[in-house]
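Encoded as structure tokens, the structure appears first; notes follow it.
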Amino acid sequence: MKHSKYGINTICTHIGEIEDKQFKGAVSPIYVSTSYEFDDVAVKRYPRYFNTPNQEHLAKKIATLEHTESALIFGSGMAALSALFLTFLKSGDHLVVQNTLYGGASHFIREEFPKYGIEFTFTDGYQVSDFAAAIKPNTKLIHIETPSNPLLTITDIKGIAELGKTHNILTSIDNTFASPINQNPIDFGIDIIMHSATKYLGGHSDILAGALAASDELIGQIWHVAKNFGGNLSDYTVWMLERSMKTLALRVKKQTKNAEKLASYLEKHPDVKAVFYPGLKSHPQYDLAKSQMHGFGAMMSFELQGHLDALKFQKHLKLIKSSMSLAGVESTVLSPYLTSHALLTQEERDAIGISNQLIRFSVGIESKKDLIDDIEQAILKTKTEAI
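Residue numbers for the sequence shown follow full-length UniProt numbering, beginning at 1 and rising by one.
Okay, here's the thing in structure tokens:
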């Protein structure tokens with residue numbers, strides 16, 4: 001696997017740069033052409049083939065960060081995930097996927113797989129034994145998400161990788177919540193890593209993108225399918241993503257540090273019923289998270305006590321934004337039952353523990369004190385209105 005000799009901030013800053021040989025600019029030039037020479041060239045470049053200069057170079061940065069040989073960049077996280085699934089699954093094949101999963105991915109599986117004749121099983125839980133129990137003779141892929149969205153459950157990455165290898169089944173992971181700064185699943189034996197690059201890789205709430213990272217062989221197989229789907233990213237957005245990733249480690253480490261402090265504060269708060277954050281020792285998979293993560297990440301969820309209206313609380317926040325996405329430098333909150341998991345039925349949400357009082361919290365880079373003050377004033381206003 002590909003391990004750089006450089007430190008993490010150097011990788012973020014310099015790996016995947018395009019040298020400006022003509023004008024010696026400090027940043028990568030943008031190649032926006034959609035048409036390239038075809039005769040007497042080693043590589044026939046075309047945007048839909050994921051091999052324009054900006055696409056090709058940024059893929060090197062992502063692969064280096066994830067310790068893989070290759071990577072591909074897509075127009076969204078779902079474009080990356082659908083390419084992954086439809087490369088390795090065909091009619092008659094079976095997917096095992098954990099039940100605590102991003103709502104959009106869950107909906108895609110339930111809605112689209114029957115059209116392709118692909119079978120699937122959502123596990124009863126997130127333990128390795130739950131996945132083992134779901135394996136069938138026609139299982140071709142096991143897909144996990146850890147930490148999961150939005151309950152921050154932790155799945156044993158090494159255990160899943162070993163399970164897959166024992167049964168000759170490919171394994172994949174959504175590594176979005178951790179980012180390559182806090183977790184490198186390839187080091188534990190996972191075959192394919194997926195990111196919604198809209199989140200931490202982009203980091204500024206202004207880019208829609210996705211990525212897959214794996215061995216040359218597996219990325220080659222994905223490429224042969226993905227080029228037919230047209231899910232590539234425009235080169236201008238690729239350039240923006242490369243620029244944003246220069247500060248990836250700096251951002252994520254600061255966000256993670258803030259999240260650890262905010263989680264401890266919320267856990268002690270009398271108006272908070274529960275906090276879901278793998279960095280808390282009260283988290284049931286704290287030891288597992290510590291063994292497979294470099295840091296515990298900047299995502300958490302918490303449930304307000306029943307006497308507080310969760311939606312009114314979010315409206316009273318001043319600094320922390322009520323927002324659909326996550327992982328920007330600004331702190332954001334949302335209600336999963338109205339957003340990421342709105343496509344699931346109430347019964348499906350109840351089954352996986354997503355209550356209407358649950359708030360997903362993406363912690364940004366602001367001052368910890370300012371974030372705490374904002375939460376306090378919002379709780380006070382919400383309580384006052386309830387009297």
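All residues carry an ideal CB built from backbone N, CA and C; glycine is no exception.
With a 10 Å radius around the Cβ and a threshold of 16 neighbouring Cβ atoms, Q255 comes out buried. For F296, no beta strand (DSSP E) segment is defined, and its DSSP state is neither H nor E.
Annotated three-state conformation of N232 is strand, per DSSP. Distance from H195 to S172 at the Cβ level is roughly 11 Å; contact not present, criterion being Cβ atoms closer than 8 Å.
In the three-state reduction of the DSSP assignment, L212 falls in the strand class.
For Y31, the CB contacts under 7 Å within the same chain, skipping 5 residues up- and downstream, are T52, P53, N54, D235 in chain order. Going by C-alpha positions, K261 is about 46 Å away from P137.
CA-CA distance, I375 to L317, rounds to 7 Å. Judged by beta-carbon spacing, V329 lies beyond the 8 Å limit of N258, meaning their Cβ atoms are not closer than that value. I18 is a Cβ neighbour of S28, given a cutoff of 8 Å. For R251, the enclosing alpha helix (DSSP H) stretches over residues 248–267. K61 and C12 have their C-alpha atoms spaced approximately 7 Å apart. Here E145 really is in contact with D174; their C-beta atoms are around 4 Å apart, less than 8 Å. Inter-segment contact for the segment 58–72 and the segment 204–220 is present: three or more beta-carbon pairs are separated by less than 8 Å. DSSP places H67 outside both helix and strand once states are collapsed to three, so it counts as coil.
Straight-line measurement puts the Cα of Y102 at about 7 Å from the Cα of H341. Between the alpha carbons of H294 and Q183 lies a gap of roughly 6 Å. Measuring C-alpha to C-alpha distances from K281 to each of A197, G104, S264, D156 identifies S264 as the nearest.
Distance from the CA atom of P336 to the CA atom of G125, rounded to whole angstroms, is 19 Å. With contact defined as three or more Cβ pairs closer than 8 Å, the segment 92–108 and the segment 214–234 are not in contact. Only buried fits Y277, as 16 or more other CB atoms lie within 10 angstroms of its CB. Comparing C-alpha distances from Y6 to each of P47, H67, F113 shows the shortest one belongs to H67. By the beta-carbon neighbour count (other beta carbons within 10 angstroms, threshold 16), Q346 is exposed. Bridge partners of I144 according to DSSP: I173.
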